[in-house]
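S.K.: Numbering-wise (this note's numbering), the sequence shown opens with residue 7 and increments by one. Have a look at the structure that comes next, please.
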Amino acid sequence: MMKQQDSATLASLLSYDNIFYLEGPCDRPGLVAFLASKLHPRVAEVIGEKALVDRLNEVEKLNNVLETGLYIPHAKLPDLPDFHAAMAVIPAGLKDPASPYAVRAAVLLLSPGKPPFFQQHLNMLASMARTFQTPFIDKLCALRSPAEAAALFSSGKP
């Protein structure tokens, strides 16, 4: 969890307790709801779980799956003081009828909705797009362990 004066990074936001490996059938709304349910305890003082899912469903329509297989559902919440994230790795890929690309990694990003955080929000999205290239997603899918995945981020060499 990052304070306004800190710089949010993937290593600071993703740890073994908020990285999940998913098997079996799922759809994009179900994936977003799953990640929201895992992240909600960290933001419960700011927003209720149903309100969080409703907010994410509102903005989810605007989010596309990148050709690398990365999907970044994200929202800015006005009362959120820190950045928060949760990640799902889907080794088999999630087929989405709205996209020609299968989702293999998804990062739910919640950002403070205040103007001082706007540039950091954009920087986080850009950082994820740069980091989650196909070779990196292949590596994540091969690991199948949240602790090993978290180590990739904390090593500084994703």
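The beta carbon of each residue, even a glycine, is placed where N, CA and C say it ideally should be.
Can you look up Tyr22 in the DSSP assignment and give me helix, strand or coil?
M.R.: In the structure shown, Tyr22 sits in a helix (DSSP, three-state: H, G or I).
S.K.: Going by alpha carbons, who is nearest to Pro97 out of Glu29, Leu115, Leu62?
M.R.: Nearest option by C-alpha distance: Glu29.
S.K.: The alpha helix (DSSP H) spanning Arg136 covers which residue range?
M.R.: Its alpha helix (DSSP H) spans residues 124-137.
S.K.: What are the boundary residues of the alpha helix (DSSP H) that includes Lys145?
M.R.: Counting along the chain, the alpha helix (DSSP H) containing Lys145 begins and ends at 140-149.
S.K.: Provide the residue span of the alpha helix (DSSP H) that contains Ala155, from first to last.
M.R.: First-last of the alpha helix (DSSP H) with Ala155: 152-160.
S.K.: Indicate the three-state DSSP secondary structure (helix, strand or coil) for Gln10 in the structure shown.
M.R.: Residue placement at Gln10 cannot be trusted, given a pLDDT of 40 that sits under 50; the coordinates are not used to answer.
S.K.: Measure the alpha-carbon distance for Pro118 versus Ser18 and round it to whole angstroms.
M.R.: Rounded to the nearest angstrom, the two C-alpha atoms are 16 Å apart.
S.K.: Would you kindly report the start and end of the unbroken beta strand (DSSP E) that includes Pro97?
M.R.: First-last of the beta strand (DSSP E) with Pro97: 90-100.
S.K.: Less than 8 Å between CB atoms is the rule here; does Cys32 satisfy it with respect to chain C?
M.R.: Absent from the structure: chain C. Only one protein chain is present.
S.K.: For Asn70, tell me which candidate among Ser161, Met93, Ala135 has the shortest Cα-Cα distance.
M.R.: Ranking Ser161, Met93, Ala135 by Cα distance to Asn70 puts Ala135 first.
S.K.: Should the region 98-115 be regarded as contacting the region 49-57, the criterion being three or more beta carbon pairs within less than 8 Å?
M.R.: No, the region 98-115 does not touch the region 49-57.
S.K.: Whose CA, out of Ala39, Phe40, Leu115, lies closest to the CA of Leu128?
M.R.: With distances taken between Cα atoms, Leu128 lies closest to Leu115.
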